[in-house]
Amino acid sequence: MLKWFGKKTEVDLMNTRIILLINKFWKRALDINVVLSTLILICTAQGTYGQNTDTLKLEVKSTQILEDFIVDVVASHPVSIYVVDSDLSELKVSSHEKPVALDVILKASLENSNADFINYRNYFYIIAPKSRISRRLSSDFFNALEETINSEMNQNELVQTVGSLEMLDPNMTPEVSGVITDAETGEPIIGGTLLVVQNQLGSATDVDGNYTLELPPGDYDIQVQYIGYLTRSFPVKVISGGTLNIALEKSAVLLDEVVVEAMAKDENVESADVGVSRLSTKELEKIPTFLGEIDIVKGLLLQPGVSTIGEGATGFNVRGGNVDQNLVMVDEGILFNPSHALGFFSSFNPDVVNDALLYKGNAPSKYGGRLASVLNINLRDGNFDKFRLKGGVGLVSGRLTVEAPIIKNKTSFIASGRSTYSNWLLKRVPIPEVQDSRISFYDANFRLTHRFNEKSNVNLSLYNSGDNFLYANQFGFTYGNTLGELSYRQIIGTKFLSTSSVVFGNYISNQLSETGFNGADLTTGIRYNKFKENISYNSGALSMDIGISSIFYSVNPGNIVPAGENSVVAETSLSEEDAIESALYLGGDYKINSRLTVSAGLRYTYYIFNGPQEMYTYENEEQPSISTITGRANFENFVIKSYGHLQPRFSSRLRLTPTSSLKLGYARTVQYLNQISNTSTPTPTNIWQLSTQYIEPKTAHNFSFGYFNNFDNNNWITSLEVFYRNIDRLFDYKDFADLVVNDHIETELLYGIGRAAGVELSINKQLGKVNGMLNYTYSRSQLKIEGINNYQWYSSNFDKPHDLSLVTNFVLNKRHQFSFNFSYSTGRPVTLPINRFQLGDHHSALNFSDRNLIRIPDYHRLDVAYTIGQGLRKSKKFKTSWTFSVYNVYGRANAFSVYLIQRGSASPTINRLSILGSAFPSVTFNFELI
Amino acid sequence: MILFFSCVDQIQLQSPPGAEDQVVIEGYVERGSDYIFYARTGYAESLDGVFYNESLPGTIELIMDDDPILEMVSGLRYKINVQQFHSIYGGDPNDSAFKLRVTTSDGVVYESTEQKVLSVPKPESMRVELVEKEFVNSAGNVEIDDFVELFITTPVVNDQGEKVSLRWDVTGLSLFIEYPCFPLIPPKSCYVKDSLAILKVNVLNSENVGGEKLTDFSIDFTDADERFAFGYYYTVVQKSLSDEAAIFWQQVKESNPEEQDIFSVAPGSLSTNIKNLNNPEEKVLGFFYTSEVDTIRLGVRPDESGRQRDECIQPNTDACCDCIILRNSSYERPSYWQF
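In structure tokens, the structure reads:
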């Protein structure tokens, strides 16, 4: 098979011996300015060329049109003839009874025309206007000619050819670029890697599947890999810069292949990124899950440096950071609560997610706004080729995804929904509290993609979710996310990609306390509009991003209304607060040589807390307190307070051997938006608080260092990373702080500093019948706040020094897989009473420990899963699988919350609430129509 | 489904070392027509332990205007007429400041901050209201029952023009009439003191009051049960507090486990106004406060509570034949009882 790659046009020559291709392009060769605007390429796919220097002699039995003559000659003889900007249809070839040299025939035929020809080694001819022909052609020109010829010789080796003679620019190293896509869906593959075997050069695809490599003309072997896809290896002949699009075939469903590679070969060693975890839904499918639902956040929790307070807790903690220190993005949209159902499910429907990338502290400069991490969830486009249906049915929830082209290869959509149907089940549980409880959620995704052409497309994404939880008709909450995003991508030239995005987001939460006397309904929320323009540049060794973004926030700090007739709660409503967070950034990766790659960036953010806004004034604005309130003032100015921060980012990779490297990274991060809560566990109703003139933004320095080493041909992937973060202007809450609907919330906060440090060890076995991963983290997360614990360092709420997860998969055969997951972590710190004392005759008081001095019992859990996949036939249109799992096999009662109960004058007892205190079996049926 | 698998159990957590050796010093000066002086020293007890009256070895002194006036015994109350007290020890009832000093046998000195006795505003009135409320019974089912809610109306500015914080101690008295168990002996009536409400901390920090008066401020909420069948008397002692003392009592209230659920704010360290002068870093437990008290009563007629007699219609308990066996009961009819 021989392919010719013109500019955006691919022609398969196969057994066709002559192809006429009209294409517009430009070309500049050394010493001659041959501008070729229209090319007729004539080539042959068969015959023996060799280094034949004998002149081809031909008999011409009758006079014929020159163009027809050339077609016949090329078809039957080992020569190639290019015709450039010359009309041969009027020219004729005279008959010759005896064999005459081809040169002679061409010279005679062209004699009275404006065209002339060049003969290269008697088997390669170029016919072009005389004005453009120069005899001073460079050696590169002819080398490229030869390469082209050789590529035609190697047709049986499935050689892919990039570029053409006409595109050769001897002044520049050819740049090979293209898109790596899913062969089945045409979806771009993000994070796919290419490796040039001969020089170990590599490249990874960006969010649109694009890659770029700089390769001198020559022959190469290319390896292309991505998790869950069959690795492709093939020879490539590079003649000039050009396009090489590559389609990867899925490794069917996981069980079709005994061996599934979780990461592109040596990606962790090659990349300059440090502190990055990448997850795909394919990887997640191997992990035993609660209720059989694969879940991105649950997968992340198995990664080193990522932890949670426990089952039922909203969000996740990264490298000792609070839940609100994670920027959770769905494409360019921001999610303020990524959890469903008390945190048992994340908000991301796995069927519409392409992959997830978690930057732990060292995010590129195009991301910002949070101190600890960036979780970037990339959604996928709908299928441009055919209708597909995918879904799953579990014990309490179901999901369905439909995707199809609207205009084939032009416009597609994907629509997906998930919902629970658990309430009917609760009604049948013979426990009154459960019968009077409700827990449900739904989410819906819709995405419309239109490709204007191969260089530009537009996406419209919509997302809506809702949660409802009520416990025994006593308390509960509801919350919902809405996201809308319109983005336009345009490739400019061959090296630039412009992405413009407009996003709308809204998060509303509502907390209902017990009905009756204290019944109250508390509503809070945050709304935002975002604009972002990002321009990416990629030239192989250098890739860069430059961009600008603005986010307009409107926060509802809370309004509370009495619930029910008997409530005595007073209705209170706080006015909305507004702010604008803008950023300008520049960042890029530069491969200095094959051993050293550096990544550097700079981000400048400018934040405005804007008016008009009525606020309290204080004698000392630095330390606002109730006792120093001087009054209440109306701040009419648009800018009440502004902050500007320069945030440098840097990371580098030093390759020690082909399979090992050292990396280090630094990032300055700033956070203007904080979640306010002093409850013992995060809840969906925690309030988002903007930075104001009294509440300054938090800033952090993040340092990372890592050693990465892969063994046994990428079968064993290991890493050891060390991190350290310090935070300025970190705040914690005064004892007994009142944060609900408080219009002087700044008086309830105490300021100080924070630090987090740790070591992360990761061992990942990719291949074989037994594969899996072991991740262990030792870390500490501490605060030092004036006014708390005598201004001594104390543990943060999520300081869990030891955190271990072990996932093991036993691939029994192509259909059957057994896996287990064991998790262990140190119990989190809490503040509990340590003793009590009498007050007079009638009262006693509990004496609480210093903040977070006591630890709850350690957390550990074992899950198992057994999956029966679809059959051996990959061609089946309807694929099904069953997953049987048991979550928390040995019924460990891990604490969600620890609290006191005291009945009358009896001694108080410490009670542990375990959300899942026993083994939890489930079965899920998944199906896919393709 | 998740709720079905949830569970609650008791656990033991390891306390930091030395937690049970923490020093407790508490006391108060209450002024009505008499002064009541009280102080107690001792040690904190473990959560599941009982309180022992083990006091610190050493002396407890009550100091007024920097002069020691009384050496006290831990746990005892001292009562003296206000006029008599000042005629003996001098000082001005509205201006004198009190503090506690404890000196242990090994020479460690603990001292409280000085506290003036703030005049208490006179409560104007109280009223009750019968309300229906949903609650979860012991079987786990939601029930609706009648409750009696007690409201007080009072100024928060005293006769000195100061806005003061307030605390209320609420007690009740109910009438219990026996069943005629014995033919020749008429059934007796007992007056039973109800102290359940006093266990609750009712406190209001003046910072949280917008105006100068509290109107219909709820201070108690209790079952409209048989206690109200023959009438019920609320006795409310209104106490003035400094803002500092009010914060302490508010913290005591918020630390009460009965106020907590899993989404509650995590309480913290209680404030104190007592320091170890030799080692200021030592965390001392307890508080010394001063207050003026004023008492107000409200009688609740049987028809106001809507409660019908359903006890001792038959001799179904021992108390129906001998009511004096009831805890805190007395045959003596209080002078204020009018039903």
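Going line by line, the protein sequences match chains G and W.
First residue of the first sequence? That's 1 in the working numbering, and the numbers climb one at a time after it.
First residue of the second sequence? That's 931 in the working numbering, and the numbers climb one at a time after it.
Don't be surprised by glycine CBs; every beta carbon is placed ideally from N, CA and C.
Pick out whichever of G:Glu577, G:Gly601, G:Asp324, G:Ile189 has its Cα sitting closest to the Cα of Leu584 of chain G. Your numbering for residue 584 of chain G matches position 584 in the first sequence. The shortest Cα separation from Leu584 of chain G among G:Glu577, G:Gly601, G:Asp324, G:Ile189 belongs to G:Gly601.
Please name the residue, chosen from W:Leu1134, W:Phe1015, W:Lys1063, W:Thr1165, that lies closest to Glu1073 of chain W on a Cα-to-Cα basis. For the purposes of this step, residue 1073 of chain W is identified with residue 143 of the second sequence, where counting begins at 1. The option with the nearest alpha carbon to Glu1073 of chain W is W:Lys1063.
What does the Cβ neighbour count give for His802 of chain G, buried or exposed, with the cut at 16 atoms within 10 Å? In the first sequence, counting from the first residue as 1, residue 802 of chain G sits at position 802. Exposed: under 16 other Cβ atoms inside 10 Å.
With distances taken Cα to Cα, identify the nearest neighbour of Lys765 of chain G among G:Glu721, G:Gly754, G:Met544, G:Asn713. Here residue 765 of chain G refers to the residue found at position 765 of the first sequence. Comparing Cα-Cα distances from Lys765 of chain G to each of G:Glu721, G:Gly754, G:Met544, G:Asn713, the minimum goes to G:Asn713.
Can you name the start and end residues of the beta strand (DSSP E) that Pro1232 of chain W belongs to? As a working mapping, residue 1232 of chain W is identified with position 302 in the second sequence. Counting along the chain, Pro1232 of chain W falls outside any beta strand (DSSP E), though it belongs to the alpha helix (DSSP H) covering 1232 to 1235.
Gln944 of chain W burial status per 10 Å Cβ neighbour count (16 or more: buried): Numbered from 1 along the second sequence, position 14 holds the residue referred to as residue 944 of chain W. Counting of Cβ neighbours within 10 angstroms places Gln944 of chain W among the exposed residues, the total staying below 16.
Please name the residue, chosen from W:Ile1107, W:Ala969, W:Val1086, W:Leu1200, that lies closest to Phe1158 of chain W on a Cα-to-Cα basis. Locating residue 1158 of chain W in the second sequence gives position 228, where the first residue counts as 1. It is W:Ile1107 whose Cα lies nearest to the Cα of Phe1158 of chain W.
Counting only the same chain and skipping the five closest in sequence on each side, list residues whose C-beta sits under 6 Å from that of Ala619 of chain G. Taking the first sequence and counting its residues from 1, the one referred to as residue 619 of chain G is at position 619. Residue identity differs from the one stated: residue 619 of chain G is Glu in this sequence, not Ala. These residues qualify, in order along the chain: Thr628, Thr630.
Assumed close pair Leu832 of chain G, Pro946 of chain W - CB separation to whole angstroms, cut-off 8 Å: Numbered from 1 along the first sequence, position 832 holds the residue referred to as residue 832 of chain G. Numbered from 1 along the second sequence, position 16 holds the residue referred to as residue 946 of chain W. Actually they do not touch by this definition, with Cβ atoms about 11 Å apart.
Ends of the alpha helix (DSSP H) at Leu460 of chain G? Taking the first sequence and counting its residues from 1, one reaches residue 460 of chain G at position 460. First-last for Leu460 of chain G: 456 to 471, but that is the beta strand (DSSP E), not the alpha helix (DSSP H).
With three or more C-beta pairs closer than 8 Å as the rule, is the region 1224 to 1232 of chain W touching the region 1195 to 1204 of chain W? Contact between the region 1195 to 1204 of chain W and the region 1224 to 1232 of chain W is absent: fewer than 3 CB-CB pairs across the two stretches fall below 8 Å.
Kindly confirm or deny that the region 599 to 616 of chain G and the region 637 to 647 of chain G touch, where touching means at least three C-beta pairs closer than 8 Å. Flag = yes, the region 599 to 616 of chain G and the region 637 to 647 of chain G touch.
Under 9 Å Cβ-Cβ, which residues of chain G neighbour Gln952 of chain W? As a working note, residue 952 of chain W is residue 22 in the second sequence. Within chain G, the residues near Gln952 of chain W are Ile834, Asn835, Phe837, Asn847.
Taking Ile676 of chain G as the reference, which of G:Ile334, G:Phe723, G:Asp324 has the closest Cα? For the purposes of this step, residue 676 of chain G is taken as residue 676 along the first sequence, with counting starting at 1. When each option's Cα is compared against that of Ile676 of chain G, the closest is G:Asp324.
For a cutoff of 8 Å on Cβ pairs, would you count Leu574 of chain G as touching chain W? The count along the first sequence starts at 1 and reaches residue 574 of chain G at position 574. For Leu574 of chain G, no Cβ of chain W is located within less than 8 Å of the residue's own Cβ.
Going along chain G, which residues have a C-beta under 8 Å from Ile1128 of chain W? Residue numbering aside, residue 1128 of chain W sits at position 198 when the second sequence is read from its first letter. Simply His842.
Going along chain G in order, which residues have a C-beta closer than 8 Å to the C-beta of Ser1172 of chain W? In the second sequence, counting from the first residue as 1, residue 1172 of chain W sits at position 242. Going along chain G, no residue has its Cβ under 8 Å from Ser1172 of chain W, so there is no contact; the nearest lies around 13 Å.
For Arg780 of chain G and Ala756 of chain G, what's the separation of their Cα atoms in angstroms? As a working note, residue 780 of chain G is residue 780 in the first sequence. As a working note, residue 756 of chain G is residue 756 in the first sequence. Distance between Arg780 of chain G and Ala756 of chain G, taken at the CA atoms: about 5 Å.
How would you list, in chain order, the residues of chain G whose beta-carbon sits under 8 Å from the beta-carbon of Ser945 of chain W? On the second sequence, residue 945 of chain W is found 15 positions in, with the first residue counted as 1. Those are Ile834, Asn835, Ser849, Ile854, listed as they occur along chain G.
In this structure, how does DSSP classify His1016 of chain W when only helix, strand and coil are distinguished? Numbered from 1 along the second sequence, position 86 holds the residue referred to as residue 1016 of chain W. If DSSP states are grouped into helix, strand and coil, His1016 of chain W belongs with the helices.
In chain G, what lies closer than 9 Å to Ser976 of chain W by C-beta? Walking along the second sequence from the start, residue 976 of chain W turns up at place 46. Correct list: Ile834, Asn835, Arg836, Ser907.
Whole-angstrom C-beta distance between Asn610 of chain G and Ala579 of chain G, which should lie under 8 Å: On the first sequence, residue 579 of chain G is found 579 positions in, with the first residue counted as 1. On the first sequence, residue 610 of chain G is found 610 positions in, with the first residue counted as 1. Confirmed, about 6 Å.
Comparing the C-beta of Leu913 of chain G with each C-beta of chain W, is any distance below 8 Å? Locating residue 913 of chain G in the first sequence gives position 913, where the first residue counts as 1. Leu913 of chain G counts as touching chain W.
Three-state class that DSSP yields for Ile189 of chain G in the structure shown: Along the first sequence, read from residue 1 onward, the residue named residue 189 of chain G stands at position 189. Note: Ile189 of chain G maps to coil in three-state DSSP.
Assuming Val598 of chain G is part of the alpha helix (DSSP H), what are its boundary residues? Within the first sequence, residue 598 of chain G is the residue found at index 598, counting from 1. Under the DSSP assignment, Val598 of chain G falls outside any alpha helix (DSSP H), being part of the beta strand (DSSP E) whose first and last residues are 596 to 610.
On the criterion of 16 or more Cβ atoms from any shown chain inside 10 Å, does Val73 of chain G qualify as buried, or is it exposed? Start at 1 with the first residue of the first sequence, and residue 73 of chain G comes out as number 73. Counting Cβ neighbours within 10 Å, Val73 of chain G comes out buried, since at least 16 surround it.
Which residue from G:Ile592, G:Asp381, G:Asn894 puts its Cα closest to that of Pro188 of chain G? Walking along the first sequence from the start, residue 188 of chain G turns up at place 188. In terms of CA proximity to Pro188 of chain G, G:Asp381 leads the group G:Ile592, G:Asp381, G:Asn894.
Determine, for Ile970 of chain G, whether the minimum Cβ-Cβ distance to residues of chain W falls below 8 Å. Residue 970 of chain G lies beyond the residue range present for chain G, which begins at 1 and ends at 930; the question has no answer from this structure.
Kindly indicate if chain W contains any beta-carbon less than 8 Å away from that of Asp735 of chain G. By 1-based counting over the first sequence, the position of residue 735 of chain G is 735. Chain W, which has a Cβ nearer than 8 Å to the Cβ of Asp735 of chain G, makes this yes.
Just the Cα atoms here: how many angstroms apart are His77 of chain G and Ile118 of chain G? Your numbering for residue 77 of chain G matches position 77 in the first sequence. Your numbering for residue 118 of chain G matches position 118 in the first sequence. Note on geometry: alpha-carbon atoms of His77 of chain G and Ile118 of chain G lie some 18 Å from one another.
Amino acids of chain G, ordered along the chain, whose beta-carbon sits closer than 8 Å to that of Gly1216 of chain W: Within the second sequence, residue 1216 of chain W is the residue found at index 286, counting from 1. Near Gly1216 of chain W (Cβ distances below 8 Å), the residues of chain G are Phe837, Leu839.
Touch test, the region 366 to 378 of chain G against the region 307 to 314 of chain G, Cβ-Cβ under 8 Å, three pairs minimum: They do not touch, by the three-pair rule.
Exposed or buried, which one is Trp688 of chain G when buried takes at least 16 other CB atoms within 10 Å? For the purposes of this step, residue 688 of chain G is identified with residue 688 of the first sequence, where counting begins at 1. Buried.
Anything in the region 881 to 901 of chain G with a Cβ closer than 8 Å to a Cβ of chain W? List those residues in chain order, please. Here the close residues are Ala893, Ala895, Phe896, Ser897, Val898, Tyr899, Leu900, Ile901.
When the distance is taken between beta carbons, is Asp1146 of chain W closer than 8 Å to Phe1077 of chain W? Here residue 1077 of chain W refers to the residue found at position 147 when the second sequence is read from its first residue. Here residue 1146 of chain W refers to the residue found at position 216 when the second sequence is read from its first residue. The answer is no: Cβ separation not under 8 Å.
Please list the partners that Ile626 of chain G has in chain W, where partner means a Cβ-to-Cβ separation under 7 Å. Mapped onto the first sequence, residue 626 of chain G falls at position 626. Residues of chain W with a Cβ closer than 7 Å to the Cβ of Ile626 of chain G are, in chain order, Glu1137.
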